[in-house]
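According to my numbering, the sequence shown is numbered sequentially starting from 13. Even glycine gets a Cβ: it sits at the ideal position worked out from N, Cα and C. Keep in mind the model is a prediction, meaning the values are calculated, not measured. Remarks on the structure that follows.
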Amino acid sequence: MFKITTSRSASGEPEVRVEGRLDDAAVLALARAVEHAGEKFTLDLSDVTALSEAARRFVSGIQSRGGNLKGGSLYIKRLLGEARS
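Structure (structure tokens):
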């Protein structure tokens, strides 16, 4: 189960927040939310508990296109290859 919400940060920048398991079905909903957010936005992964391989690739793609990632447990960061020793 997952939940996706969109809002604006204090600076007015779009923010997309994901909660729960980001599985293959959730990637489609996330893609729509990201499309509506525009080019510059932040993806908040603070409450994501798991990522499928498709979700990992999608989120990594967001980062490579200039989207900002925020939050995420050590587990999620390791899945995304962001964890530092």
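Once you ignore the five residues that flank residue i on each side, which residues in its own chain have a CB closer than 8 Å to its CB?
i      : result
Val-71 : Leu-34, Leu-55, Leu-57, Leu-63, Leu-81 and Leu-92
Ile-74 : Val-46, Leu-55 and Leu-81
Thr-18 : Pro-26, Glu-27, Val-28, Arg-29, Ala-45, His-48 and Ala-49
Between residue i and the rest of its own chain, which residues show a CB-CB distance below 6 Å, the 5 nearest in sequence each way excluded?
i      : result
Gly-83 : Asp-56, Leu-57 and Ser-58
Tell me which residues share the same chain as residue i and place their Cβ nearer than 7 Å to its Cβ, disregarding the 5 neighbours each side in the sequence.
i      : result
Arg-68 : Leu-91 and Leu-92
Considering only the beta carbon of each residue, do residue i and residue j sit closer than 8 Å?
i      : j      : result
Val-39 : Ala-22 : no
Ile-15 : Glu-31 : One point to set straight first is that residue 15 is Lys, not Ile, in the sequence displayed. Cβ atoms of Lys-15 and Glu-31: closer than 8 Å.
Phe-53 : Gly-79 : yes
*At which residue ranges does the segment 51–91 contain complete beta strand (DSSP E) runs of 3 or more residues, listed in the order of the chain?*
Secondary structure within the segment 51–91: the beta strand (DSSP E) runs of 3 or more consecutive residues, fully enclosed, are 54–63 and 80–82 (chain order).
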